[in-house]
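Numbering (this note's numbering), first residue to last: 4 to 198. Working notes for the structure below.
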Ligand code: IMP
């Protein structure tokens, strides 16, 4: 079955394609389709935003869709950046702008800076909606290290590791990440439903 993944984020595309590789599902992203439609993320939760993206892309293509909404939640910042992780330092900001903003906000606060990445993954085909969530726990460090991955990866060290996600290779990230967990669960659900 062909499924459109409602994202232009190349980091996410690479991760999710690897998860569905070898399954009965063929993943084609908005990036592959050259479609840069922008869905306003007006929801208050990851789940609401994931559904908004899935529904907008389904309404456009009338094909089964996968979407996720994800972000970073830092304990000492009361769960921020949360649902506004992508635009924490302002509209059109870079990943680096966001990392520097988080580092600055944590400067005066005692270590460790506990945090988690969360992902809600959704499948929607106009009839069925299936949803699964995943988390990755760790700490934020106050310098950026490594060049792999995207977003907050250079400042996040997963529990049990000494390297930031940006210092891990792609396969390692894709074994432990929040997105790997949510999409693995969703893949299980879709396989069982025999869609
Ligand atoms: P979304 O595209 O609306 O789900 O926004 C996700 C944002 O959360 C990204 O732009 C990143 O800032 C952050 N984020 C989500 N997943 C990851 C990850 O795996 N690594 C680093 N940052 C992430």
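Even glycine gets a Cβ: it sits at the ideal position worked out from N, Cα and C.
Q) Any chance the CB of residue 15 is under 8 Å from a heavy atom of the ligand IMP? A) yes
Q. Of all residues in the structure, which have a C-beta closer than 5 Å to any heavy atom of the ligand IMP, taken in chain order?
A. The answer, residue by residue, is 72, 73, 74, 88, 89, 154, 155 and 156.
Q. So what's residue 6 in DSSP terms, helix, strand or just coil?
A. strand
Q) From residue 70 to residue 109, what distance separates their C-alpha atoms? A) 31 Å
(Q) DSSP three-state label for residue 160, please. (A) strand
(Q) With a threshold of 9 Å between beta carbons, is residue 75 in contact with chain B? (A) Protein chain content of the structure displayed is limited to a single chain, and chain B is not contained in it.
Q) Does the segment 98-115 come within contact of the segment 135-149, defined as at least 3 CB pairs closer than 8 Å? A) yes
**Q.** Secondary structure, beta strand (DSSP E): runs of 3+ residues fully inside the segment 62-103
**A.** 68-77
Q) Quick one: complete alpha helix (DSSP H) runs, 4+ long, within the segment 121-189? A) The qualifying runs are 173-179.
Q) Nearest-angstrom Cα distance between residue 40 and residue 53? A) 15 Å
Q: Give the C-beta separation of residue 149 and residue 157 to the nearest angstrom, bearing in mind that I take them to be a contact with Cβ-Cβ under 8 Å.
A: 5 Å
**Q.** Three-state class that DSSP yields for residue 114 in the structure shown
**A.** coil
Q) What does residue 119 pair with, by DSSP beta-bridge criteria? A) 76 and 140
Q. Which residues mark the beginning and the end of the alpha helix (DSSP H) in which residue 18 is found?
A. 13-23
Q) Name the DSSP beta bridge partners of residue 31, please? A) 7
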